[in-house]
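> Quick one: this structure, given as structure tokens, is what I'll be asking you about.
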Amino acid sequence: MLAQKIRIRPATLTDSLALGRLWWLTFPDKFGPALGHDPMRNIAVLTDLHRAGNGRMTRATLVAAVEGQVVGFLLLHSGREGLSEFPLAEGWQAFRRHLGTAGALRALLVLALMEIGHPRPPRDHVVVEMIGVDPAWQGRGVGRALMEAAIARARARGAKAITLEVVWGNDSARRLYESLGFAVVFEKRSRLSKWLSGHQGWTRMALPL
0 MLAQKIRIRP
10 ATLTDSLALG
20 RLWWLTFPDK
30 FGPALGHDPM
40 RNIAVLTDLH
50 RAGNGRMTRA
60 TLVAAVEGQV
70 VGFLLLHSGR
80 EGLSEFPLAE
90 GWQAFRRHLG
100 TAGALRALLV
110 LALMEIGHPR
120 PPRDHVVVEM
130 IGVDPAWQGR
140 GVGRALMEAA
150 IARARARGAK
160 AITLEVVWGN
170 DSARRLYESL
180 GFAVVFEKRS
190 RLSKWLSGHQ
200 GWTRMALPL
């Protein structure tokens, strides 16, 4: 599939189910420890997260579509905002509805633990929080198209740089970022990351704009 046939657009509430599915397909190592390993339930939880807060999280997301099918996504925010797009109260209700009170508390605790050791980027940076491509569409230019759109959006916002993190072992993603001009800022080995998700560590990369 040629990159020019991939349409990048802002996500809408009608994309919620597709985004919930893609979040689970592409980040089972992130959401599995928090939610468990029931695919249908987890997709329902993540779908509800996108619908929560009148789609606040969705509005921070770009999607890649081919002939109307959503095949990839990218979640973007500024270092100044952090994940202020996350609808905390409504997100809690989504977790609780599917997981119960104890399960919801556990899920939020695990997700919070995963953020330990990740310093907030500078306020004048734009951050790629998550990027994922349907496994059936990987290697066809979807990730590159999403990243190019994110870089263009960051430049339009007047950001000084765009920042992201990649876990060790994800060599194909790192090669993509390097080909776009990203360079390593620092690398961090993490016992907590290994315990929670199986990853030995992660690398922060940035592209000056």
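Per numbering that gives the first Met the number 0, the very first residue in the sequence shown carries number 0; after that it's consecutive. For every residue, glycine included, the Cβ atom is placed at its ideal position computed from N, Cα and C.
Please work out which residues of its chain come closer than 7 angstroms, Cβ to Cβ, to GLY200, disregarding the five sequence neighbours upstream and downstream, and give them in chain order.
TRP167, GLU186, LYS187, ARG188, SER189, SER192
> Would you call the CB atoms of HIS124 and ALA158 closer than 7 angstroms?
yes
> What residue range is occupied by the uninterrupted alpha helix (DSSP H) comprising GLY31?
27-34
> For VAL132 and PHE72, what's the separation of their Cα atoms in angstroms?
7 angstroms
> Decide if the stretch 92-107 is in contact with the stretch 7-27; the criterion is three or more beta carbon pairs, one per stretch, under 8 angstroms apart.
no
> Which class does ARG124 belong to by DSSP, given the choice of helix, strand or coil?
As written in the sequence, residue 124 is His, which differs from the Arg given in the question. Assignment of HIS124 by DSSP, reduced to helix, strand and coil, places it in the strand class.
> With 16 as the cutoff for other CB atoms within 10 Å, does ALA153 come out buried or exposed?
buried
> Mind checking whether VAL62 and TRP136 have CB atoms under 7 angstroms apart?
Inclusion of VAL62 and TRP136 in the CB contact set at 7 angstroms is not warranted, their separation being larger than that value.
> When burial is assigned at 16 or more other CB atoms within 10 Å of the CB, is THR100 buried or exposed?
Classification of THR100: exposed, given that the 10 Å Cβ count is below 16.
> Rounded to the nearest angstrom, what separates SER83 and MET113 at their Cα positions?
Caution applies to SER83, whose pLDDT of 47 falls short of 50 and renders its modelled position unreliable; the model cannot decide the point.
> Taking the continuous beta strand (DSSP E) assigned at ARG6, which residues delimit it?
6-9
> Return the CA-CA distance between LEU34 and TRP22, expressed in angstroms with no decimal places.
Straight-line spacing of the CA atoms in LEU34 and TRP22 works out to 12 angstroms.
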